[in-house]
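Colleague: Below is a structure I'd like to ask you about.
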Amino acid sequence: GGKDRRSGLILTIPLCLEQTSMDELSVTLDYLLSIPSEKCKARGFTVIVDGRKSQWNVVKTVVLMLQNVVPAEVSLVCVVKPDEFWDKKVTHFCFWKEKDRLGFEVILVSANKLTRYIEPCQLTEDFGGTLTYDHMDWLNKRLVFEKFTKESTSLLDELALINNGSDKGTQEKERSIDLNFLPSVDPETVLQTGHELLSELQQRRFNGSDGGVSWSPMDDELLAQPQVMKLLDSLREQYTRYQEVCRQRSKRTQLEEIQQKVMQVVNWLEGPGSEQLRTQWGIGDSIRASQALQQKHEEIESQHSEWFAVYVELNQQIAALLNAGDEEDLVELKALQQQLSDVCYRQASQLEFRQNLLQAALEFHSVAQDLSQQLDGLLGMLCVDVAPADGASIQQTLKLLEEKLKSVDLGLQGLREKGQSLLDQISNQASWAYGKDVTIENKENVDHIQGVMEDMQLRKQRCEDMVDVRRLKMLQMVQLFKCEEDAAQAVEWLSELLDALLKTHIRLGDDAQETKVLLEKHRKFVDVAQSTYDYGRQLLQATVVLCQSLRCTSRSSGDTLPRLNRVWKQFTITSEERVHRLETAVAFHSNAEKILQECPDQPEAFNEMEQFDEIEAVGKSLLDRLTVPVVYPDGSEQYFGSPSDMASAAEHIREKMKLVSLKKQQLRQPEATTPES
């Protein structure tokens with residue numbers, strides 16, 4: 001690392017006790033001598049052979065070898081000898097005498113006297129000098145420099161080949177270069193190594209040693225700096241071109257990959273994807289079939305979703321390239337984007353249309369199934385014979401029947417709406433059939449839909465007809481129950497009239513006029529009872545007719561008619577008895593009043609005493625009838641009013657009979673006095 005007084009470089013060869021390989025030493029010397037520049041070599045070398053730890057014959061061999069390796073460059077060879085060891089041997093071979101033959105001067109010198117020939121500042125501490133030198137540090141730096149030089153040179157050749165090959169643009173050239181497209185080493189790593197090496201070299205040049213003593217860089221290091229800088233400049237230039245080439249090729253590769261992926265998406269959607277939709281044209285004939293088709297469609301959608309995800313990713317990549325791309329790529333990118341979007345949107349529209357169609361078919365079949373169940377329920381209700389307990393239950397059943405029929409009407413209307421909507425969608429199916437004739441398939445779907453609606457219409461019509469019959473029957477049953485109830489009510493009314501006749505129609509009148517009024521009221525009372533009886537008979541006759549129409553036996557008319565006839569018979573007998581008593585009372589009162597009102601000056605009116613006897617007889621007969629009960633055909637008996645009521649009526653008749661008897665006696669007295677006179 002030091003220099004001699006002629007500014008020549010100092011080369012130190014340390015020898016050791018071990019055997020030294022001359023071949024290796026020769027190779028090492030050749031390498032070391034190749035480092036300095038030609039200018040440095042021209043100033044010559046001073047070689048220090050450190051033989052303090054070696055044998056004389058080795059030292060001599062090394063010195064003689066210098067003649068063959070570097071005879072022209074060596075100006076002085078200083079052999080550092082051990083103390084008093086070679087004195088006798090040196091006499092046998094004097095290097096100074098061989099100067100002309102060797103081509104350089106050889107001196108034997110001890111280490112402490114080496115400063116006579118070389119300045120101490122140019123000698124290392126091993127020779128008593130002050131020159132700072134770290135051989136391992138120098139070796140490491142040299143290895144780094146050699147590695148950097150080798151890698152950078154190789155990298156420059158590779159980058160130049162890649163960059164020049166990319167400029168040629170022929171397809172064959174590109175194919176051959178693409179095989180070795182990547183450099184063998186990382187350019188970033190090599191550049192970083194070069195910068196670190198250059199920084200280290202520059203730092204050693206301007207900084208001092210650890211001890212503060214100024215250190216002069218070696219010529220090989222000074223020589224390495226421009227080499228490193230030149231290599232770094234060349235590397236940066238080629239690497240910049242290489243990065244641009246990579247960017248262009250990456251962009252082209254990315255564009256080709258995008259184009260390839262776009263075509264994959266387009267080819268699948270227009271190929272297998274469209275074929276899947278072509279084979280799926282049915283709508284099913286039931287809810288289960290429609291659900292199975294929906295499940296199959298979901299599987300198709302799932303397969304399409306994977307390609308749609310690729311479409312979204314590709315669309316984002318194309319958008320990024322459009323924002324940062326060159327003008328020459330814009331047209332191609334926009335064309336790819338438009339083609340991809342058109343195919344994907346068309347396929348997505350077809351999937352959505354198919355999904356909507358299947359959903360409409362599912363809703364149609366769901367409404368049809370609900371309507372069918374309603375019709376089945378209505379039919380089952382109509383097929384069960386009606387056996388209500390009363391008219392109210394019939395009214396409730398009739399109301400339920402009407403509600404079910406109304407629900408069926410609404411269900412059929414909803415089915416028609418769903419069916420028409422489904423038919424409208426099917427009619428639009430040809431617009432995305434990819435040229436396939438779907439008329440036959442659509443005709444099957446249309447026939448199925450129309451067939452379902454017609455079948456439901458026919459079933460609904462049959463149910464309506466049956467409902468009409470059932471409604472008429474139930475109305476007749478309501479009328480039947482009403483007639484039976486009214487007939488029973490007529491019997492009750494007639495029974496109440498009979499009861500009123502027996503309990504309240506008691507008085508016979510105080511005179512003839514009053515008795516006639518009572519008789520007239522009784523006849524009207526009988527007319528009311530007659531109307532009630534006739535009304536009951538008519539109701540029972542209507543009941544018979546309704547039972548015949550309904551083909552059933554009335555549950556109440558069987559005993560209602562006998563009851564009605566029995567009560568009417570009792571009423572008739574009671575009424576006749578009442579009429580007979582009133583008529584007898586009228587005759588009694590009329591005759592009695594006539595006699596009682598006759599003037600005594602007209603005795604001729606009483607010539608016949610038989611009238612008095614007749615009145616008495618009528619009075620007694622009337623009194624007798626008041627004590628006799630009304631006897632009915634079944635043997636039962638009933639009295640008019642209470643015993644006190646009958647006693648009161650009888651008492652009034654007896655009083656009037658007393659008046660008649662008194663009148664009779666008065667008339668007989670004048671007859672008795674006349675003969676005596």
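Here full-length UniProt numbering is used: the first residue of the sequence shown is 1, the next is one more, and so on. Quick reminder that beta carbons are idealized off the backbone N, C-alpha and C, glycines included.
If I measure Cβ to Cβ from Val586 and keep anything under 7 Å in the same chain, skipping five residues before and after, which residues do I get?
Modeller: Numbered from 1 along the sequence shown, position 586 holds the residue referred to as residue 586. Only Ala512, Thr515, Lys516, Leu519 meet the Cβ criterion.
Colleague: DSSP on Ser75, reduced to helix/strand/coil?
Modeller: Position 75 of the sequence shown holds residue 75. Strand at Ser75.
Colleague: Taking 8 Å as the threshold (C-beta atoms), are Val630 and Thr584 in contact?
Modeller: Within the sequence shown, residue 584 is the residue found at index 584, counting from 1. Within the sequence shown, residue 630 is the residue found at index 630, counting from 1. It is not a contact, given that the beta carbons lie outside the stated cut-off.
Colleague: To which residues of the same chain is Pro183 closer than 7 Å at the C-beta, ignoring the five residues directly before and after it?
Modeller: Looking up residue 183 in the sequence shown gives position 183. Only Leu155, Glu158, Leu159 meet the Cβ criterion.
Colleague: Only counting runs of 3 or more residues, tell me where the beta strand (DSSP E) segments fall wholly within the segment 35–74, in order along the chain.
Modeller: Counting whole runs of 3 or more residues, the segment 35–74 contains the beta strand (DSSP E) stretches 45–50.
Colleague: Tell me where the alpha helix (DSSP H) around Val544 begins and ends.
Modeller: Taking the sequence shown and counting its residues from 1, one reaches residue 544 at position 544. Segment 512–550, the alpha helix (DSSP H) holding Val544.
Colleague: Quick check on Ala320: buried or exposed, where buried means 16 or more other Cβ atoms within 10 Å of its Cβ?
Modeller: Along the sequence shown, one-based indexing puts residue 320 at 320. Its Cβ having fewer than 16 others within 10 Å, Ala320 is exposed.
Colleague: Would you tell me roughly how many angstroms separate the C-alpha atoms of Asn163 and Gln248, rounded to the nearest one?
Modeller: As a working mapping, residue 163 is identified with position 163 in the sequence shown. As a working mapping, residue 248 is identified with position 248 in the sequence shown. For Asn163 and Gln248, the distance between alpha carbons rounds to 11 Å.
Colleague: Which word fits His304, buried or exposed, when buried means at least 16 other C-beta atoms lie within 10 angstroms of its C-beta?
Modeller: Within the sequence shown, residue 304 is the residue found at index 304, counting from 1. Buried.
Colleague: Only counting runs of 4 or more residues, tell me where the alpha helix (DSSP H) segments fall wholly within the segment 88–162, in order along the chain.
Modeller: With a minimum length of 4 residues, the continuous alpha helix (DSSP H) runs that stay inside the segment 88–162 are 99–102.
Colleague: Please identify the residue among Arg354, Ala348, Gln337, Asp329 whose C-alpha is closest to the C-alpha of Gln294.
Modeller: Residue 294 sits at position 294 when you count from the first residue of the sequence shown. Comparing Cα-Cα distances from Gln294 to each of Arg354, Ala348, Gln337, Asp329, the minimum goes to Arg354.
Colleague: Any idea which residues DSSP pairs Glu637 with across the strands?
Modeller: Within the sequence shown, numbered from 1, the residue matching residue 637 stands at position 637. BP columns for Glu637 point to Val631.
Colleague: Taking Met477 and Ile426 to be in contact with their CB atoms under 8 Å, please state how far apart those CB atoms are, rounded to whole angstroms.
Modeller: Position 477 of the sequence shown, counting from 1, holds the residue named residue 477. Position 426 of the sequence shown, counting from 1, holds the residue named residue 426. Not confirmed; about 49 Å, so no contact.
Colleague: So for Pro187, helix, strand or coil by DSSP?
Modeller: Within the sequence shown, the letter at position 187 stands for residue 187. In this structure, Pro187 counts as helix in the three-state DSSP scheme.
Colleague: Can you name, in chain order, every residue of its own chain whose Cβ lies under 8 Å from the Cβ of Val446, other than the five neighbours on each side?
Modeller: Translated into positions along the sequence shown, residue 446 becomes position 446. The answer, listed in chain order, is Leu423, Ile426.
Colleague: Who are the near neighbours of Lys503 in its chain, counting only those whose CB is closer than 7 Å to its CB and skipping five residues on each side?
Modeller: The sequence position of residue 503 within the sequence shown is 503, counting from 1. For Lys503, where only same-chain residues beyond five positions count, the Cβ hits under 7 Å are Gly641.
Colleague: Pick helix, strand or coil for Ile283, following the three-state DSSP scheme.
Modeller: The residue you call residue 283 lines up with position 283 of the sequence shown. Reduced to three states, the DSSP call for Ile283 is coil.
Colleague: If I'm right that Val109 touches Val80 with Cβ under 8 Å, what's the distance once you round it to whole angstroms?
Modeller: The sequence position of residue 109 within the sequence shown is 109, counting from 1. The sequence position of residue 80 within the sequence shown is 80, counting from 1. Rounded, the Cβ-Cβ distance is 6 Å, consistent with contact.
Colleague: Measuring only the C-alpha atoms, how far is Leu179 from Lys251?
Modeller: Counting from 1 along the sequence shown, the entry for residue 179 is found at position 179. Counting from 1 along the sequence shown, the entry for residue 251 is found at position 251. Model confidence at Leu179 stands at a pLDDT of 42, short of 50, so the residue's coordinates are unreliable; what they give is reported in the following sentence. Their Cα atoms are separated by approximately 18 Å.
Colleague: Measuring only the C-alpha atoms, how far is Cys547 from Cys483?
Modeller: Position 547 of the sequence shown, counted from the start, is the residue given in the question as residue 547. Position 483 of the sequence shown, counted from the start, is the residue given in the question as residue 483. C-alpha separation (whole angstroms): 11 Å.
Colleague: Is the distance from the Cβ of residue 699 to the Cβ of Val74 below 8 Å?
Modeller: This structure cannot settle anything about residue 699, because the visible part of the chain is limited to 1 through 677.
Colleague: Could you check what DSSP says for Ile318 in three-state terms: helix, strand or coil?
Modeller: As a first step, residue 318 is located in the sequence shown; it is residue number 318 there, counting from the start. Three-state result, Ile318: helix.
Colleague: Compute the Euclidean distance between the alpha carbons of Asn607 and Gln665, then round it to the nearest angstrom.
Modeller: Position 607 of the sequence shown, counted from the first residue, corresponds to residue 607. Position 665 of the sequence shown, counted from the first residue, corresponds to residue 665. Summary for Asn607: the model assigns pLDDT 47, below 50, so the residue's position carries little reliability, and this model does not support an answer.
Colleague: With burial defined as no fewer than 16 other Cβ atoms inside 10 Å of the residue's Cβ, what is the status of Asp4: buried or exposed?
Modeller: Working through the sequence shown from its first residue, we reach residue 4 at position 4. The residue is buried, with at least 16 neighbouring Cβ atoms inside 10 Å.
Colleague: Look at the Cβ atom of Leu375, then the Cβ atom of Val408, and state whether they are nearer than 8 Å.
Modeller: Mapped onto the sequence shown, residue 375 falls at position 375. Mapped onto the sequence shown, residue 408 falls at position 408. In contact: Leu375 and Val408 (Cβ atoms closer than 8 Å).
Colleague: Just how far apart, CA to CA, sit Tyr535 and Ala529?
Modeller: The sequence position of residue 535 within the sequence shown is 535, counting from 1. The sequence position of residue 529 within the sequence shown is 529, counting from 1. The alpha-carbon atoms of Tyr535 and Ala529 are separated by roughly 10 Å.
Colleague: Suppose contacts are defined by Cβ-Cβ distances below 8 Å. Is Leu197 in contact with Phe145 by that definition?
Modeller: If you number the sequence shown from 1, residue 197 lands on position 197. If you number the sequence shown from 1, residue 145 lands on position 145. Taking 8 Å as the Cβ cut-off, Leu197 and Phe145 qualify as a contacting pair.
Colleague: Nearest to Ser152 by CA position, among Glu237, Trp138, Gln203, is which residue?
Modeller: Position 152 of the sequence shown, counted from the start, is the residue given in the question as residue 152. Among Glu237, Trp138, Gln203, the Cα nearest to that of Ser152 belongs to Glu237.
Colleague: For the putative contact between Val266 and Leu340, defined by C-beta atoms under 8 Å, what is the C-beta separation to the nearest angstrom?
Modeller: For the purposes of this step, residue 266 is identified with residue 266 of the sequence shown, where counting begins at 1. For the purposes of this step, residue 340 is identified with residue 340 of the sequence shown, where counting begins at 1. Confirmed, Cβ separation roughly 7 Å.
Colleague: Please report how far the alpha carbon of His589 lies from the alpha carbon of Ser549, in whole angstroms.
Modeller: Start at 1 with the first residue of the sequence shown, and residue 589 comes out as number 589. Start at 1 with the first residue of the sequence shown, and residue 549 comes out as number 549. Roughly 57 Å between the two C-alpha positions.
Colleague: In terms of residue numbering, what span does the alpha helix (DSSP H) encompassing Thr28 cover?
Modeller: Taking the first residue of the sequence shown as 1, we reach residue 28 at position 28. First-last of the alpha helix (DSSP H) with Thr28: 22–33.
Colleague: Leaving out five residues on either side along the sequence, give the residues of the same chain with a beta carbon under 6 Å from the beta carbon of Phe612.
Modeller: As a first step, residue 612 is located in the sequence shown; it is residue number 612 there, counting from the start. Hits under 6 Å: Lys664.
Colleague: So is Gly380 buried or exposed if we call it buried at 16+ other beta carbons inside 10 Å?
Modeller: By one-based count along the sequence shown, residue 380 stands at place 380. Under this definition Gly380 is an exposed residue.
Colleague: Using a Cβ-Cβ cutoff of less than 6 Å, which residues in the same chain neighbour Thr12 once the five nearest sequence positions on both sides are dropped?
Modeller: Sequence index remark: in the sequence shown, residue 12 carries index 12 (1-based). Same-chain partners within the cutoff: Ile48.
Colleague: Does DSSP put Ile506 in a helix, in a strand, or in coil?
Modeller: Stepping through the sequence shown from its first residue, residue 506 is reached at position 506. If DSSP states are grouped into helix, strand and coil, Ile506 belongs with coil.
Colleague: Within 10 angstroms of its Cβ, does Glu637 collect 16 or more other Cβ (buried), or is it exposed?
Modeller: Position 637 of the sequence shown, counting from 1, holds the residue named residue 637. Result: exposed.
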